[in-house]
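Here the structure comes first, spelled out in C-alpha cells, and everything after it is commentary.
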Amino acid sequence: MATITPVRPAPPVNKARDGRIKRRIADNATAYTFLAAGLLCFGLFSWWPLIKGIILAFQQDNFVTEPEWVGLSNFQAVLDDPLFWTAWKNTLFFTALALVFGYLVPFAVAIVVHELRHLKGFFRFAVYLPVMLPPIVTVILWQYFYDPGNGLFNAALSALHLPTSGWTQSPRMVMVSLVLVSTWANMGGATIMYLAGLASVPGELYEAAELDGAGVWKRIRHVTLPQMRFLLLVLLLLQIVATMQVFIEPYQLTGTTNPDSITVMVLIYRYAFTVNNDFGMAAAMSVLLFVVLGAFSAVYLRLTRKSS
C-alpha cells in the first residue's frame, strides 16, 4: 500500500521583514535624491565650467563674435609672452614669502593664544576678525597704510626719524607689502584651525614632558609638532595652492602693468579684459596653472603618504 506524504503548507510571508525592506528602499531613494541634487549642482557650477574652460583654451573667443578653433596657438602665444615667466617668478616668490609669514606666523599666534589663561575668547575673536572683512575692504584699508605721502606707516616711520619707504611703489618692497596684506587678511582662518588642533593634543603628553624637564621649545618640538603633523601638512598644501592664485592684492594695490608685482592670475586678467580681450589665451593660462597645481598636489600627497 503506497504511503501518502502530507504536503506541508508554505511558510507565511514575513511581513515585518518586507516592511523593513520597503522602508530601507524608501530611505535610500530619499538619500539618492538629495545626493543627485548635490551632484547636479556640483557638476553644473564646478565641473562644467572646468570642462568649458579647457575647451575655451583651444579657441579664440572674445564672447562677442563666433569662437574660432585655433588648437595650440593660445598656448604658444602665452609661452611667447615676455610677461609669462615674469608672472611665474613673481608668483613663486610671493608663495615663498607667504609660507614664511602666512604659514608660520598663524601657528606661532595659535600657540600663544592657546597658552593664555585669560581673555582667550577675546583674542580668538581679534585674530579672526580680519577674515570677516570683505577682501576689497581689507586691501583698500592697507592701501591707505601704504600711501607714500600721508600713509600711516610712513607717518610712523617719520615720527621715529626713520627713512620712509615706497612700499608698493618700491621694487624691493612690493612683494613684501603684498604678503603682509594677504597674511593679515587670511591668518585668522589658519589660526583657528591650529587652535582646534592644539586643543586635540592630550594634556597628559605635556604633563609627562614637563615632568621630564622639557622646556617650552622641547614641548613644541617633541609633543606639539608630532601630534599636529597631519594638520600641518594639509594646511601647507592648501596654503601653497591658495597663494599661487593670488589676485586681489596685486590687482588693487599695484594694478595690472607693474612687472614687479604681476602674478599669474593678474596676467590671466590682462589677457581676458585689458590687453588682448581674448578669453582663449586667458583660459590657456588658466589650464597651465591648473596643470602645475594639480601636478604639485599629486607629488606632494604621494610624498607625504610615503613619509607618514
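The sequence shown begins at -17 in this note's numbering and counts up by one. For each residue, glycine too, the CB sits at the ideal point set by N, CA and C.
Is E50 helix, strand or coil when you go by DSSP?
Position 68 of the sequence shown holds residue 50. Note: E50 maps to strand in three-state DSSP.
Determine the closest residue to E186 out of Y176, I174, Q209, with distance taken between C-alpha atoms.
As a first step, residue 186 is located in the sequence shown; it is residue number 204 there, counting from the start. Residue Q209 is the option with its Cα nearest to E186.
Assign V(-5) to one of two classes, buried (16 or more other C-beta atoms within 10 Å of its C-beta) or exposed (fewer than that).
Against the sequence shown, residue -5 aligns to sequence position 13. Residue placement at V(-5) is poorly supported in this model, since its pLDDT is 49, which falls under 50; the coordinates still yield a value, given next. V(-5) comes out exposed.
Give the secondary structure of Q151 by DSSP, where H, G and I count as helix, E and B as strand, and everything else as coil.
Stepping through the sequence shown from its first residue, residue 151 is reached at position 169. If DSSP states are grouped into helix, strand and coil, Q151 belongs with the helices.
Can you check whether the CB of Y85 is closer than 9 Å to the CB of L218?
The sequence position of residue 218 within the sequence shown is 236, counting from 1. The sequence position of residue 85 within the sequence shown is 103, counting from 1. Contact flag set, yes.
Please state the DSSP three-state secondary structure of Q234.
Here the question's residue 234 lines up with position 252 in the sequence shown. Correct three-state label for Q234: helix.
Under a three-way DSSP split, which group does Q227 fall into?
For the purposes of this step, residue 227 is identified with residue 245 of the sequence shown, where counting begins at 1. Reduced to three states, the DSSP call for Q227 is coil.
Residue environment, V9, which counts as buried when at least 16 other CB atoms sit within 10 Å
Against the sequence shown, residue 9 aligns to sequence position 27. The residue you asked about is not Val; residue 9 is Asp in the sequence shown. Result: exposed.
Helix, strand or coil for M(-17)? Go by DSSP, reduced to three states.
The residue you call residue -17 lines up with position 1 of the sequence shown. In this prediction, M(-17) has a pLDDT of 49, which is less than 50 and means its spatial position is unreliable; nothing more can be read from the coordinates.
Short Cβ contact (9 Å threshold) for L305 with V163
Examination of residue 305 is not possible in this model, given that the chain is present from -17 through 290 alone.
Could you pull out every residue in the same chain whose Cβ sits closer than 6 Å to the Cβ of M(-17), ignoring the five residues on either side in sequence?
Walking along the sequence shown from the start, residue -17 turns up at place 1. Note that M(-17) scores 49 on pLDDT, short of 50, meaning its location in the model is unreliable; the coordinates nonetheless yield the value given after this. Contacts found: none.
My parser needs the alpha helix (DSSP H) runs of 4 or more residues fully inside the region 17 to 76; what are they?
30 to 38, 55 to 62
Selection from L160, T239, A196, P145 that minimises the alpha carbon distance to P64:
Numbered from its first residue, the sequence shown carries residue 64 at position 82. Out of L160, T239, A196, P145, T239 has the C-alpha closest to the C-alpha of P64.
Going by alpha carbons, who is nearest to E50 out of A39, T146, L134?
The count along the sequence shown starts at 1 and reaches residue 50 at position 68. The residue with the shortest Cα to Cα distance from E50 is A39.
Given V183, which residues of its chain have a CB within under 6 Å of its CB, disregarding the five upstream and five downstream residues?
Taking the first residue of the sequence shown as position 1, residue 183 is located at position 201. Counting only Cβ-Cβ distances below 6 Å, and skipping sequence neighbours, we find Q209.
Touch check for the region 219 to 233 and the region 70 to 88: three-plus C-beta pairs under 8 Å?
yes
If you run the structure through DSSP and keep just helix, strand and coil, what is V274?
One-based indexing of the sequence shown puts residue 274 at position 292. Of the three classes helix, strand and coil, the one that applies to V274 here is helix, per DSSP.
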